[in-house]
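**Q** Following this message is one structure expressed as C-alpha cells.
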Amino acid sequence: SRISDTSISRSKIDLTALMKMILGETNIYAEIPWVETRVEDGLTVNADKPLVSVMLRILLNNAMDLLQKNCNGCIRLCKHNGEDDAFCLSIEGLDQSASADSEPFIPLYEPGLARGGKSSGVDLLSVTRIVGLHGGRIWKDSEEKDDLYRVFFTLEPQ
Numbered sequence: 000s001r002i003s004d005t006s007i008s009r010s011k012i013d014l015t016a017l018m019k020m021i022l023g024e025t026n027i028y029a030e031i032p033w034v035e036t037r038v039e040d041g042l043t044v045n046a047d048k049p050l051v052s053v054m055l056r057i058l059l060n061n062a063m064d065l066l067q068k069n070c071n072g073c074i075r076l077c078k079h080n081g082e083d084d085a086f087c088l089s090i091e092g093l094d095q096s097a098s099a100d101s102e103p104f105i106p107l108y109e110p111g112l113a114r115g116g117k118s119s120g121v122d123l124l125s126v127t128r129i130v131g132l133h134g135g136r137i138w139k140d141s142e143e144k145d146d147l148y149r150v151f152f153t154l155e156p157q
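Here the sequence shown is numbered in my numbering, starting from 0 and rising by one per residue.
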C-alpha cells in the first residue's frame with residue numbers, strides 16, 4: 000500500500016534493537032566487510048514500528064550504496080545532541096572522491112536532484128512521508144564536511 004494512505008499505530012519502539020536487527024538482516028558485513036556500525040544503546044521512540052522499519056531500511060541502503068565506493072566508513076545511529084526524541088543517522092569516513100559524486104540524502108530535501116544508485120529518490124521521499132505521518136521533521140547537517148553526511152529526524156509531534 001501507499002505510505003501516504005497509511006494510518007499510524009504508535010507504540011514504544013526500542014530503536015536500538017530494531018536498527019541492530021535490520022543491520023543483521025541486510026548482511027551488511029558480507030557486502031561491505033570494512034564498514035563499522037555504531038548504534039547507541041537505549042534509543043526509544045513512540046512511533047509506528049513497521050513504518051519506522053521501512054524508513055531505517057531505506058536510510059541504511061542509501062548509506063551502504065555510498066560506502067561501497069570507500070575503503071573505510073562507519074554508519075552510526077544516535078541521539079541528536081542528547082535529546083530523547085531527536086536522532087541522527089550519519090555516514091562517516093567517506094573519501095573526498097566518493098562524496099563529491101553523490102550527496103546521499105539530497106532527495107530528502109530536493110526531490111528533483113535525486114541521483115542513481117540502490118536508493119532512489121522515490122525511496123527517500125518515502126522517508127520524508129513516514130516522518131511527516133508521525134508529525135516529526137527531518138533535516139540535514141548544516142555543517143557539511145567532505146567525509147561526513149548526517150541526517151537528523153524526529154518521529155513525534157513537535
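Backbone N, C-alpha and C define an ideal beta-carbon position, used for all residues, glycine too.
Keep in mind it's a predicted model, so treat the numbers as computed, not measured.
(1) With 16 other CB atoms within 10 Å as the buried threshold, where does residue 9 fall?
(2) Let me confirm a value: residue 6 is counted as buried when at least 16 other C-beta atoms fall within 10 Å, else exposed. Which label applies?
(3) Consult DSSP for residue 72 and reduce its assignment to one of helix, strand or coil.
(4) Let me make sure I understand the geometry here. Which of 39, 64, 72, 73 has the alpha-carbon closest to that of residue 80?
(5) By the 10 Å Cβ neighbour count, where 16 or more other Cβ atoms means buried, how is residue 37 classified, buried or exposed?
(6) Am I right that residue 59 and residue 90 are in contact with their C-beta atoms under 8 Å? What's the rounded C-beta distance?
(7) Please state whether DSSP places residue 87 in a helix, a strand or coil.
(8) Using only CA atoms, which one of 129, 53, 153 lies nearest to residue 18?
(9) Taking only the alpha-carbon atoms, compute the straight-line gap between residue 134 and residue 77 and give it to the nearest angstrom.
**A** In terms of the structure at hand:
(1) Here the question's residue 9 lines up with position 10 in the sequence shown. Label assigned to residue 9: exposed.
(2) Walking along the sequence shown from the start, residue 6 turns up at place 7. It is exposed - the Cβ of residue 6 has fewer than 16 other Cβ atoms within 10 Å.
(3) Residue numbering aside, residue 72 sits at position 73 when the sequence shown is read from its first letter. Judged by DSSP in its simplified three-state form, residue 72 adopts strand.
(4) To locate residue 80, count along the sequence shown from 1; it is residue 81. The option with the nearest alpha carbon to residue 80 is 39.
(5) What you label residue 37 is simply residue 38 of the sequence shown in a count that begins at 1. With fewer than 16 Cβ atoms within 10 Å of its Cβ, residue 37 is classed as exposed.
(6) Along the sequence shown, read from residue 1 onward, the residue named residue 59 stands at position 60. Along the sequence shown, read from residue 1 onward, the residue named residue 90 stands at position 91. About 10 Å separates the CB atoms of residue 59 and residue 90; that is not less than 8 Å, and the two are not in contact.
(7) If you number the sequence shown from 1, residue 87 lands on position 88. It is a strand residue.
(8) Within the sequence shown, the letter at position 19 stands for residue 18. It is 53 whose Cα lies nearest to the Cα of residue 18.
(9) The count along the sequence shown starts at 1 and reaches residue 134 at position 135. The count along the sequence shown starts at 1 and reaches residue 77 at position 78. Residue 134 and residue 77: Cα-Cα distance of roughly 20 Å.
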